[in-house]
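For reference, the structure discussed in these notes is given below.
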Amino acid sequence: MNTIRCDIVSAEAEIFHGEATLVVATGELGELGIAPRHAPLITRLKPGKVVVTQANGEILDFAIGGGILEVQPQVVTILADTAIRADDIDEAAVKAAKDEAERILAGRGEAMDVAEAQQKLAEAVVQLQALERLRKTLKH
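Sequence positions in the sequence shown follow full-length UniProt numbering and run 1 to 140.
Next comes the structure, spelled out in structure tokens:
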């Protein structure tokens with residue numbers, strides 16, 4: 001078997017379902033690479049990237065806001081707090097959310113829980129990084 005089924009799900013929707021030769025995600029202790037026949041595993045994910053290499057060689061880039069990764073013999077599942085494909089990111093909206101979170105953290109914005117503002121800032125930064133990776137990929 002040269003592929004493993006990959007499911008990426010957020011609270012809102014199923015983001016991806018398909019066969020992959022490699023799944024790379026950002027765990028709490030660093031990046032994880034999951035290939036077919038990987039040992040069973042459960043770990044927490046922090047806000048970051050998930051890169052799925054499909055059987056045809058196509059690489060899909062996702063930005064997630066944290067979650068859980070589970071590896072079973074036939075499937076790798078990512079249960080993300082939030083998840084979006086890099087090519088679906090609205091750059092203007094993400095930059096506005098980032099600016100708002102930074103204002104709140106600096107004490108100049110609306111009353112919002114600091115932890116919530118930090119989470120929104122982390123998600124915005126991850127999405128902007130995903131856009132940058134997508135742009136670099138398209139240039140090649």
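Virtual Cβ for every residue (Gly too), placed ideally from N, Cα, C.
query                                                                                                    : result
C-beta contact flag for residue 121 and residue 91 at 8 Å                                                : no
Counted within 10 angstroms of its Cβ, other Cβ atoms place residue 26 as buried (16 or more) or exposed : buried
Cα-Cα separation between residue 69 and residue 15, rounded to whole angstroms                           : 14 Å
Touching by the beta-carbon criterion (3+ pairs, under 8 Å), the stretch 98-107 and the stretch 70-85    : no
Nearest-angstrom Cα separation, counted from residue 65 out to residue 125                               : 10 Å
Buried or exposed by the 16-neighbour rule on C-beta atoms within 10 Å, applied to residue 50            : buried
Local Cβ density within 10 Å of residue 141, reported as buried at 16 or more and exposed below that     : What the structure shows of the chain is the stretch from 1 to 140, and residue 141 is not part of that stretch, so it cannot be assessed.
Coarse secondary structure for residue 103, derived from DSSP in three states                            : helix
Cβ-based burial, residue 47 [other Cβ within 10 Å; buried from 16]                                       : buried
Assigned secondary structure, residue 133 (DSSP; H/G/I helix, E/B strand, else coil)                     : helix
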